[in-house]
Amino acid sequence: MDLIDLHCHILAGLDDGAPDCAASVEMARLAAAEGTIVLACTPHFMPGVYDTALAAARRAMADLAERLRQEDIFIDLVMGGDLHATPHLAARLKRGEVPTLGGSRYLLLEPPHDVLPPRFEELTFELIQAGYAPILTHPERLKWIESRYGVIRRLAEAGVLMQLTSGSVIGRFGGRPQYWSERMLDEGFVDFLATDAHNVDRRPPDLARGRDRIAALFGEDLALDLVLRNPRWVLENRSPDDIRPRSVHGEVPNMAGNGERGGRRHPFWPF
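So, in structure tokens, the structure goes:
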């Protein structure tokens, strides 16, 4: 089955992902072997920790694409970034300092892991008002999800898209992230599944395993949405209206709060 992975730290030497080009190639080989046809290269953009330059990331992706061609590994690479939630992120996006996914309106938004920052909800709405569609990465792994799940729920209901990590779904990070993965899936708040792969052993590309578990628990249709249909629509820069999460019962949850079933459009969206 074809897969599209929108979150992978495959570019060598830019962050805590692949340490060298050989590791990058092996990660791509593993991803291609399980069916991944498109992979977003998403290094961290975290000021003061990973001061990644977009030009350097693009060069690294071009070098890797050439190496994969030489190795007969058939997988398309697109540029993206794991953008840390910081003030003025919308302005940095407008200036072209940090990337969206494949040049689309969609971007990966990484919240702080340990503590919910002040004004986080306002920051996400600022991004939406600026014309972007933020995708919150690995909410199920956040330490504050248990005490502040209402924030996750409000963001999802306001149109912020949600991306789970495949390793969480299969239990690689323990029972707690697995529980929150299944709860969010059951409540219809999940739009994408991605690997967030960093290496070939501890955090490898494993999208197929996560897809298979979701299919077993929630059905093939939802699994296909999360690993192929929705990611494809992101790369085609289609409207967020086309991205439709489904509950365990196979219904599109009501995001408008009006008792009707429907898509994800929300008054915050200017597009």
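Residue 13 in the numbering used here sits at position 6 of the sequence shown; the count goes up by one each step and never skips.
Even for Gly, the Cβ is constructed at its ideal location relative to N, Cα and C.
Small disclaimer: the values here were computed from a predicted structure and weren't measured.
Between the Cα of I142 and the Cα atoms of L149, G217, D89, G55, which residue gives the shortest distance? D89
Could you compute how far the alpha carbon of L192 sits from the alpha carbon of R161? 15 Å
Take E117 and list the residues in its own chain whose beta-carbon comes closer than 7 Å to its own, dropping the five residues that flank it on each side. Closer than 7 Å at Cβ, skipping near neighbours: D89, L90, H91, A92, T144.
Suppose contacts are defined by Cβ-Cβ distances below 8 Å. Is R158 in contact with L108 by that definition? The amino acid occupying residue 158 in the given sequence is Val; Arg does not appear at that position. If you check the CB distance, V158 and L108 do not come in under 8 Å.
Start and end of the beta strand (DSSP E) containing D83? 83-86
DSSP-derived helix/strand/coil call for T131: helix
Pairs of beta-carbons, one from the region 123-133 and one from the region 176-188, closer than 8 Å: are there three or more? no
Can at least three beta-carbon pairs, one atom from the region 23-37 and one from the region 198-215, be found at a separation below 8 Å? They touch, by the three-pair rule.
L108 by DSSP, collapsed to three states: which one? Here DSSP, grouped into helix, strand and coil, assigns L108 to coil.
Per DSSP, H91 is paired with what? E117
Would G257 be called buried (16 or more neighbouring beta carbons within 10 Å of its own) or exposed? Note that G257 scores 42 on pLDDT, short of 50, meaning its location in the model is unreliable; the coordinates nonetheless yield the value given after this. By the neighbour-count rule (16 or more Cβ atoms within 10 Å), G257 is not buried but exposed.
Can you check DSSP and say which residues form a bridge with T144? Q170
Please classify M8: does DSSP put it in a helix, a strand, or coil? coil
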